[in-house]
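Numbering (this note's numbering), first residue to last: -3 to 131.
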């Protein structure tokens, strides 16, 4: 994958890392009660509120955002980009597996939305493992 394409993929990954997750760190209870949107919170179906767990998860996403931003800066380094991609892919695969095992608590529309989002993020992460073309 070329440098421009790599940066675009990294930007998409960065947006995903920041959506909702910075909010979760600074307002964890509000995030828990309303994510992904007011009127249809998902987190309340997954167990009781745990501030420590929510803020740790948010901090993980912010850490991934930092290394993703660095990978955008060094997009010409295959080793750096693939390392970031491998980290994202590991997280995304296990996140997807968890949700595949707990689909019963979601409506059909929510299942489609959730699996589309998580599958897309997994595929985007896998794309970061593709080496750049040789010059």
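Ideal Cβ positions, reconstructed from N, Cα and C, are used throughout, including at glycine. Since this is a predicted model, take the numbers as computed values, not measurements.
Cβ neighbours of residue i in the same chain (closer than 7 Å, five flanking residues each side left out)
| i | result |
| --- | --- |
| residue 80 | 63, 64, 67, 124 |
For residue j and residue i, believed in contact at Cβ under 8 Å, the rounded distance
| i | j | result |
| --- | --- | --- |
| residue 50 | residue 27 | 6 Å |
| residue 59 | residue 21 | Residue 59 to residue 21, Cβ: 11 Å. No contact. |
| residue 41 | residue 101 | 4 Å |
| residue 74 | residue 127 | 5 Å |
| residue 2 | residue 120 | Between residue 120 and residue 2 the Cβ distance is about 11 Å, and since that is not below 8 Å, they are no contact. |
| residue 12 | residue 117 | 6 Å |
| residue 85 | residue 115 | About 12 Å; that fails the 8 Å criterion. |
| residue 71 | residue 6 | 7 Å |
| residue 45 | residue 17 | Their Cβ separation, rounded to whole angstroms, is 17 Å, which puts residue 45 and residue 17 out of contact at 8 Å. |
| residue 25 | residue 47 | 7 Å |
Under the three-state DSSP convention, the category residue i falls into
| i | result |
| --- | --- |
| residue 16 | coil |
| residue 44 | coil |
| residue 24 | helix |
| residue 38 | coil |
| residue 104 | helix |
| residue 135 | Nothing can be reported for residue 135, as the shown portion of the chain is limited to -3 through 131. |
| residue 128 | coil |
| residue 8 | helix |
| residue 156 | This structure does not reach residue 156, given that the chain is present from -3 up to 131, and the question cannot be answered. |
| residue 31 | coil |
| residue 81 | helix |
| residue 58 | helix |
| residue 53 | helix |
Cutoff 6 Å; reference residue i; Cβ partners in own chain excluding five residues on either side
| i | result |
| --- | --- |
| residue 14 | 61 |
Cβ neighbours of residue i in the same chain (closer than 8 Å, five flanking residues each side left out)
| i | result |
| --- | --- |
| residue 98 | 42 |
| residue 107 | 99 |
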